[in-house]
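See below for the structure under consideration.
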């Protein structure tokens with residue numbers, strides 16, 4: 131038997147339990163194949179459990195496991211990295227739970243935090259660096275773990291309740307679109323909600339934007355005094371949060 | 077490039093013991109890490125690895141090279157492993173005699189190979205490519221297996237010897253895996269050991285297993301059992317300087333329990349040397 135065909139047969143056994151394939155390996159292969167199939171599914175289930183603990187808490191163990199099992203059946207892993215496998219789960223959940231948008235939103239948030247946790251390192255700008263900046267030319271850039279996306283529900287509040295050890299009631303889900311900012315500060319992945327105006331500017335920070343342009347946009351929106359004051363407040367907050375990357379030209 | 081010998085006793089680095097390894101002087105001669113857990117861009121995993129590396133020699137042990145894949149090994153995987161090897165400057169780089177991928181699919185499990193001339197060609201070509209890219213000679217570990225292919229033309233130990241002869245790779249001998257496969261397939265573990273090029277063994281894994289309905293399962297969730305200790309003693313009579321470690325992946329006990337097991341390995345080794 132050609133090795134490539136045997137390995138394709140083995141994949142078919144793992145994903146579909148094809149007995150036609152099993153018979154081609156050995157007359158007594160069944161018991162061993164069951165072990166391999168069990169190991170295969172257990173590894174993927176463990177990956178999803180570890181990657182989405184709060185989503186599991188939201189759905190409940192039985193529904194989460196059933197959802198994960200359906201996702202494993204529908205989309206076998208195609209990458210050497212289990213992190214890549216976890217990345218497919220939020221979309222699967224959103225499709226499986228069309229009337230519970232919180233499930234997909236929670237999984238999206240958990241995935242983004244996991245990705246930030248192992249994203250590229252960067253030296254954040256510290257407050258002392260602000261004094262040496264040429265403000266006419268300074269390009270501000272967000273740290274490379276920064277991501278900005280929109281969720282459709284009040285997931286930030288639900289997340290906090292699920293994360294708490296206290297028996298605080300979990301808020302009722304509501305349709306409440308929110309801009310979510312994700313980044314990593316030191317070794318901790320963080321998130322917060324942003325108002326639309328700040329979200330618009332932070333989106334530009336991801337690729338780099340001059341501080342002069344930020345001021346210009348805010349002055350147009352809020353007027354001279356309030357615009358410059360807001361730009362200064364946001365800048366202080368971004369630096370304190372470790373959101374800005376050190377080393378931008380200026 | 078020949079693999080230098082290293083004599084010592086170590087443990088696998090696992091999450092429950094990160095604080096022990098970062099904050100205390102753990103009495104081990106080396107630490108083994110699962111390569112894939114650290115093949116990420118940055119963040120806490122890479123920070124921890126750098127800190128542990130400051131204190132201990134580190135062996136990189138992979139599970140996803142898929143050296144037996146008929147369709148070749150993943151180029152992206154090799155690039156990332158190469159970057160990790162360059163940063164860590166590891167004692168050893170190892171993976172398993174197994175496969176896990178076909179195009180569009182990765183099993184994330186160590187799947188068995190038929191021991192055929194064709195599979196030998198595939199393994200040697202893939203391993204040769206990996207060693208060329210990494211710029212160093214690797215160790216290949218004997219797997220536990222739960223089925224023996226009717227198509228096999230040679231024993232596992234004959235296959236391993238041929239791979240080592242042709243690629244120059246060293247061997248990571250997992251004594252528990254020999255025991256598990258010997259029970260599952262009914263071969264003699266002593267004959268297995270006798271058939272290997274023992275002068276090329278550079279590292280030894282010791283672990284525990286579970287009993288399934290009809291097969292032993294390589295679960296790494298229990299202490300090393302007596303038959304594995306006995307086979308380890310037999311092996312230590314026949315190998316040169318090696319790096320010996322306890323490999324525990326599930327139901328992970330406090331670090332002190334694993335250090336006590338490692339002391340048993342030290343005692344067995346010193347008795348054999350004294351004899």
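Residue numbers (the numbering used here), protein chains in the order written: chain A, 131 to 380; chain B, 77 to 351.
Glycine is no exception: its CB is placed at the ideal position from the N, C-alpha and C atoms.
* Asked: How many Å lie between residue 224/B and residue 213/B at the Cα?
  -> 28 Å
* Asked: Taking residue 139/B as the reference, which of 146/B, 251/B, 170/B and 128/B has the closest Cα?
  -> 170/B
* Opening and closing residue of the alpha helix (DSSP H) in which residue 227/A lies -> Here residue 227/A belongs to no alpha helix (DSSP H), and DSSP marks it neither H nor E.
* If we ignore side chains and look at the alpha-carbon of each, how far apart do residue 263/B and residue 163/B end up? -> 41 Å
* Could you name the residues of chain A that residue 290/B contacts, counting a contact when the two beta carbons are closer than 7 Å? => 161
* At a Cβ cut of 8 Å, what residues of the stretch 208-219 of chain A count as close to chain B, listed as they run along the chain? -> 208, 209, 210, 211, 212, 213 and 215
* Asked: In angstroms, rounded to a whole number, what distance separates the CA positions of residue 334/B and residue 275/B?
  -> 28 Å
* Whose Cβ in chain A lies nearer than 8 Å to the Cβ of residue 181/B? -> 141, 145, 206, 207 and 208
* Taking residue 175/A as part of the alpha helix (DSSP H), name the residues at either end of that continuous run. => 160-181
* Taking the C-alpha atoms as reference points, what is the distance between residue 223/A and residue 281/A? -> 14 Å
* Out of curiosity, what's the CA-to-CA distance linking residue 237/B and residue 80/B? -> 19 Å
* Asked: With C-beta atoms as the reference, is residue 284/B less than 7 Å away from residue 298/B?
  -> yes
* To do: Put residue 190/A into one of helix, strand or coil per three-state DSSP.
  => coil
* Helix, strand or coil: which one does DSSP assign to residue 262/A? -> helix
* Residues that residue 223/B contacts on chain A, provided the C-beta gap is smaller than 7 Å -> 155, 156, 159, 162 and 163
* On a CA-only basis, which of 340/B, 234/B, 134/B and 203/B is nearest residue 282/B? Give me that one, please. => 340/B
* Asked: Taking Cβ positions, are residue 148/B and residue 208/A nearer each other than 7 Å?
  -> no
* Asked: If you draw a straight line from the alpha carbon of residue 267/A to that of residue 340/A, how long is it in whole angstroms?
  -> 6 Å
* To do: Inspect the beta-carbon positions of residue 85/B and residue 338/B and report whether they are closer than 7 Å.
  => yes
* Asked: By a C-beta neighbour count over all protein chains shown, 10 Å radius and 16 as the cutoff for buried, is residue 349/B buried or exposed?
  -> exposed
* To do: Show which residues of chain B have a CB atom less than 7 Å away from the CB atom of residue 190/A.
  => Result: empty, since nearest Cβ-Cβ is about 25 Å, beyond 7 Å.
* Candidates 240/B, 137/B, 155/B and 203/B, of which the one nearest residue 325/B by Cα -> 137/B
* To do: Would you please verify whether the beta carbon of residue 247/A is less than 7 Å from any beta carbon of chain B?
  => yes
* Asked: Looking at the C-beta of residue 241/A, does it have a partner C-beta in chain B at a distance below 7 Å?
  -> no
* Return helix, strand or coil for residue 139/B, following the three-state DSSP convention. => coil
* Beta carbon proximity, residue 90/B to chain A, threshold 7 Å -> no
* To do: Reducing DSSP to helix, strand and coil, say where residue 244/A ends up.
  => helix
* To do: Below 6 Å CB to CB, which residues in the same chain sit around residue 144/A once its five sequence neighbours on both sides are set aside?
  => 167 and 170
* CB of residue 270/A within 7 Å of CB of residue 334/A, strictly -> no
* Work out the CA separation of residue 176/B and residue 199/A for me, nearest whole Å. => 20 Å
* If you drop the 5 nearest sequence neighbours on each side, which residues of the same chain put their C-beta closer than 6 Å to that of residue 312/B? -> 345 and 348
* Please go through the same chain and pick out, in chain order, the residues whose beta-carbon is closer than 8 Å to the beta-carbon of residue 178/B, but skip the five residues on each side of it. => 145, 146 and 147
* Asked: At a Cβ threshold of 7 Å, is residue 257/B touching chain A?
  -> no
* Asked: Got a sec: which bits of the stretch 350-370 of chain A sit with their beta carbon under 9 Å from any beta carbon on chain B, in order along the chain?
  -> none
* Would you mind telling me which residues of chain B sit closer than 7 Å to residue 134/A, beta carbon to beta carbon, in chain order? => 146 and 147
* To do: Following the continuous alpha helix (DSSP H) through residue 267/B, name the residue where it begins and the one where it ends.
  => 265-270
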